[in-house]
Amino acid sequence: MVNMNDYLEQAVEILAQLVHFDTTSHKTNLPLISYIEEILKDAAVPYSLVPNDEGDKASLFATIGPSGPLGIGLSGHTDVVPVEGQEWHTDPFTLTQKGDQLFGRGTTDMKGFLACMLAAIPAFKAAPLQQPIYLIFSYDEEIGCTGVRPLVNQLGKDLPMPSLVLVGEPSNCQVVEAHKSITSYVTRIIGHEAHSSLLHQGVSAIEIAAKLINHLTDAQQQLKSTQNDARFDPAYSTVHVGRIDGGTARNIVAKDCEFLWEVRALPDFDGTEISQTMMAYAKKDLLAGMKSISPATDIVTEQITSVPGLASSASAVSLGMKLANQNESFVVSYGTEAGLFEDQGAASVICGPGSIEQAHKPNEFIDRAELVKCLSILGRVADHQSS
Ligand SMILES: [Zn+2]
């Protein structure tokens, strides 16, 4: 049995280094990746990088132990959300300890987990591993889980396929087995401009947008009355319009209008149905009338991002609970990379230190006790892979 308490101070030290790299999603993560590479080289752990097309960011995949099946992956993203506009009482990029709380951007989401992974390397190396442990570091998670995709596509090809991936998003070290999918869209309406006194000669893009949004509101009501998965709050899929821009002046029939919207769908519901139904309604009830006034009018819906939902397999949940020393599992309302691993064929659950309550907020912190819990989970991962 590996005793992981000895690794706590090392984890805190590494966390301080990780927090110090400003890896806000729009910036490079390469200095942080180089730091991880140094740790891996010192420990003689083989790894490979999966860089992005621009060459300013990279994911990393490391293997500890023998190659072979039944590997367990530990996965976390290196990027953090911006601190701009937030009121921080300490420097967000300097780890600051107050009592048992460690403050800094990313401490909870999710450099605390990365620090535990890296601090545990000597324990993983010392364990008589029979099956491998993989360390996976991604980027651009906070802008739609985009950065991990090229790496995930390599699993089972150039990179080994883990039999289980623990995605260490903040869950207070409890096992999370499901979350909704998130698909976001922009819908653009091209109307036809006219003086508002000659209303009949124009097509108001604003009016068309209002009709489409009404359609989405009806769809939402429909979902609310037909879906009920009590594990989730709310227990149904949701449709939400978050932003609208359009029009020029009070007395001009609006030529342009666009709105941003999203669907958060229960894992077993195909959220793209909503946009298909809306566009079918547009085609059937709106476009012909618009085009009879001006053929240049149009309604275009573009998908911006898509994060698949998560519905972990029963075997993944039971192994996750064993490793986390828990006897129940939960669902969460935020999206993660876990669904991408699942879709590729790597069973996946979420389990990581810290509370989602602290994520993305000013004065983000993690409790030392959460790091202790996380390190014991990693100790159980080592034990499990050694038997
Ligand atoms: Zn996160």
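FYI, this note's numbering numbers position 115 of the sequence shown as 1508, with every residue one higher than the one before it.
Beta carbons are placed, not taken as given, at the ideal position from N, Cα and C, and that holds for glycine.
In this text the structure is predicted, and so the values were computed from the model without any measurement.
Q.
Taking 8 angstroms as the threshold (C-beta atoms), are H1585 and T1694 in contact?
A. Contact: no.
**Q.** Segment contact, 8 angstroms Cβ cut-off, at least three pairs: the stretch 1492-1500 with the stretch 1560-1580
**A.** Two segments are said to touch when three or more pairs of C-beta atoms, one from each, lie closer than 8 angstroms; by this definition the stretch 1492-1500 does not touch the stretch 1560-1580.
Q. Going by alpha carbons, who is nearest to L1548 out of L1659, A1409 and E1735?
A. Comparing Cα-Cα distances from L1548 to each of L1659, A1409 and E1735, the minimum goes to E1735.
Q) How long is the line joining the alpha carbons of L1511 and L1771, rounded to whole angstroms? A) If I take the Cα positions, the gap works out to 11 angstroms.
Q.
According to DSSP, simplified to helix, strand and coil, what is G1713?
A. The answer is helix: DSSP assigns G1713 an H, G or I state.
**Q.** Span of the beta strand (DSSP E) around H1572
**A.** According to the DSSP assignment, H1572 belongs to the beta strand (DSSP E) that extends over V1568 to H1572.
Q. Are the beta-carbon atoms belonging to S1574 and P1627 less than 8 angstroms from one another?
A. No, the Cβ-Cβ distance between S1574 and P1627 is not below 8 angstroms.
Q: For M1510, verify whether its CB is less than 7 angstroms away from any heavy atom of ligand 1.
A: Flag unset: Cβ of M1510 not near ligand 1.
Q.
Using the three-state DSSP reduction, which class does T1417 fall into: helix, strand or coil?
A. Strand at T1417.
**Q.** Endpoints, the beta strand (DSSP E) within which P1444 is located
**A.** From DSSP, the beta strand (DSSP E) with P1444 extends over Y1440 to P1444.
Q. Can you pull the DSSP bridge partners for E1655?
A. Paired residue(s): S1577 and H1633.
Q.
At 4 residues or longer, what runs of the alpha helix (DSSP H) sit wholly inside the stretch 1690-1758?
A. Runs of the alpha helix (DSSP H) inside the stretch 1690-1758: 1707-1717 and 1731-1737.
Q) For Y1532, does the three-state DSSP call read helix, strand or coil? A) The answer is coil: DSSP assigns Y1532 none of H, G, I, E or B.
Q) According to DSSP, what are the bridge partners of A1451? A) DSSP, once it has assigned bridges, lists P1444 as partnering A1451.
**Q.** When P1424, F1723 and P1462 are compared against L1453, the one with the closest alpha-carbon
**A.** Minimum Cα distance to L1453 is reached at P1424.
Q: Report the three-state DSSP secondary structure of H1585 (helix, strand or coil).
A: The answer is strand: DSSP assigns H1585 an E or B state.
Q: Report back the beta-carbon spacing between F1530 and G1469 to the nearest angstrom; my notes put them in contact at under 8 angstroms.
A: Between F1530 and G1469 the beta-carbon gap is near 6 angstroms, inside 8 angstroms, which marks them as a contact.
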